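Single-structure report; data block below.
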Amino acid sequence: MESTRTLTDKIFLILKGLGMGAANKVPGVSGGVVAFVAGFYEEFIYSLKKINGKAFKLFINGRFKSFFNYINGRFLSLLFSGMIISYFSISKVLDYLIKHYELYVWSIFFGMIIGSIYYINKDFREWNYKTYCSLVIGIIVGLSISFFNPAKENDNLLFVFFCGIISVSGMTLPGFSGSFILILLGNYVLLLVDSVNALYDTFYEVLGGNFTFIDNAERIRMLKVLAMFTLGSITGLVTFSHLLSYILKHYKSITISAIIGFIIGSLGVVWPWKKTAYKMTIDGHFILDSTGEKIIENYSRFMPKLNTETYYAIAFIMLGIAIVLALEWYGEKTRKTYE
1 MESTRTLTDK IFLILKGLGM GAANKVPGVS GGVVAFVAGF YEEFIYSLKK INGKAFKLFI
61 NGRFKSFFNY INGRFLSLLF SGMIISYFSI SKVLDYLIKH YELYVWSIFF GMIIGSIYYI
121 NKDFREWNYK TYCSLVIGII VGLSISFFNP AKENDNLLFV FFCGIISVSG MTLPGFSGSF
181 ILILLGNYVL LLVDSVNALY DTFYEVLGGN FTFIDNAERI RMLKVLAMFT LGSITGLVTF
241 SHLLSYILKH YKSITISAII GFIIGSLGVV WPWKKTAYKM TIDGHFILDS TGEKIIENYS
301 RFMPKLNTET YYAIAFIMLG IAIVLALEWY GEKTRKTYE
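With full-length UniProt numbering, the residue at position 145 of the sequence shown is 145, and numbering never jumps.
Structure (structure tokens):
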């Protein structure tokens, strides 16, 4: 596979990683959709599946090159490089855009999901009572998730490990938003804002020769939380990849129809016209995170009025659809090259 990849393909793979990383951080958007539409979802799952007992034996025996080739390491390293870069850069830009242009950001993602539904469905021909049932179940599950009430923040390390396992569902299962699930579990701010800021501050201080963070109990706590979350995420990635690889192999049509249902259901989460509900104390004061931002609790949705802002939002929805169609075109071109 790697021998057929050009330099341009490798650059695009990093960009796809950027897209997955950014999508994974936005509540309601699934990084798995990016992988599915961009044409590398099955290779992604297949590569993760190769992280198994044989791979660990190769690594332990010092056969690092064989280990790297066995797990499709070039593909995974380029993809995850993009995700890591996104985590500390593009995701920051997205945070800013959501804060100042929330309606238009949600509109683009809404359009991208509509485009994703079209893309996945257009070549799917195996509709029967089983696939229709799995479609309906997927829609119901996707919609139900968007109306759950969030739990309270919990920094217990075992629970954080569990959050890590669950949060990567958005990477491996298109239509499931890992970041939105973290909101429901009450740990979105803790795990995707506070702990990341703690790591960023620590890197900045260490590069400047400052190691005083060792005596900072709160900083150490946040770094432990991030480490446990990362370990849970890795565990979840490997576990889900094996499970999904088996399901795709034996129940591909049912799985794809369920994925279409999940994605349709996720439209309820990313509906552009909504008001953000923030966590508040009993006496009516907003609860803030460590950066002074109000903590999101959930969203209330409404139908838009026809005005200039709505027309702009519709234009951004069309832009989102166009982005997916462009990704589809590139994905088809890539697949034909490999064939």
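Note that CB positions come from ideal geometry on N, CA and C, so glycine has one too. The model shown is predicted, which means the values in this text are computed figures rather than measured ones.
With hydrogens ignored, establish whether the beta-carbon of residue i is closer than 7 Å to any heavy atom of the ligand FMN.
i: S116; result: With respect to the ligand FMN, the structure shown offers nothing to examine, as it has no ligands at all.
How about residue i: is its C-beta nearer than 8 Å to some C-beta of chain D?
i: L325; result: Here chain D cannot be found, since the structure has a single protein chain.
DSSP on residue i, reduced to helix/strand/coil?
i: R221; result: helix
i: R63; result: coil
i: residue 340; result: As displayed, the chain neither begins before 1 nor continues past 339, which places residue 340 out of reach and without an answer.
i: Y312; result: helix
i: Y251; result: coil
i: Y338; result: Confidence is the limiting factor: at Y338 the pLDDT is only 45, short of 50, which leaves the residue's position unreliable and the question unanswerable from this model.
Considering residue i, what are the terminal residues of the alpha helix (DSSP H) in which it resides?
i: W200; result: For the record, residue 200 in the displayed sequence is Tyr; it is not Trp. Segment 195–207, the alpha helix (DSSP H) holding Y200.
i: I14; result: 7–25
i: A35; result: 31–37
i: V160; result: 157–167
i: N72; result: Premise fails: N72 is in no alpha helix (DSSP H) and is neither H nor E.
i: F180; result: 178–185
i: I108; result: 102–122
i: K49; result: 41–49
Anyone know if the C-beta pair for residue i and residue j falls short of 8 Å?
i: S253; j: T131; result: yes
i: Y70; j: L78; result: no
i: L190; j: V168; result: no
i: I263; j: S107; result: no
i: E153; j: G111; result: no
i: Y87; j: S245; result: no
i: G236; j: I139; result: no
i: S266; j: S144; result: no
i: L103; j: A313; result: yes
i: R219; j: F211; result: no
For residue i, which residues from the same chain have a beta carbon less than 8 Å from its beta carbon, with the 5 sequence-adjacent residues on both sides left out?
i: E42; result: L248
Identify, in the order they occur along the chain, each residue of the same chain with its Cβ nearer than 7 Å to the Cβ of residue i, setting aside the five sequence neighbours on each side.
i: K122; result: none
i: D155; result: L190, V225
i: V238; result: L48, I51
Leaving aside the five residues before and after residue i along the sequence, list all residues of the same chain whose C-beta is less than 6 Å from its C-beta, in chain order.
i: F148; result: L184
Q. Where are the alpha helix (DSSP H) runs, 4 residues long or more, that stay fully inside the region 124–148, in chain order?
A. Listed in chain order, the alpha helix (DSSP H) runs fully inside the region 124–148 are 129–146, counting runs of at least 4 residues.
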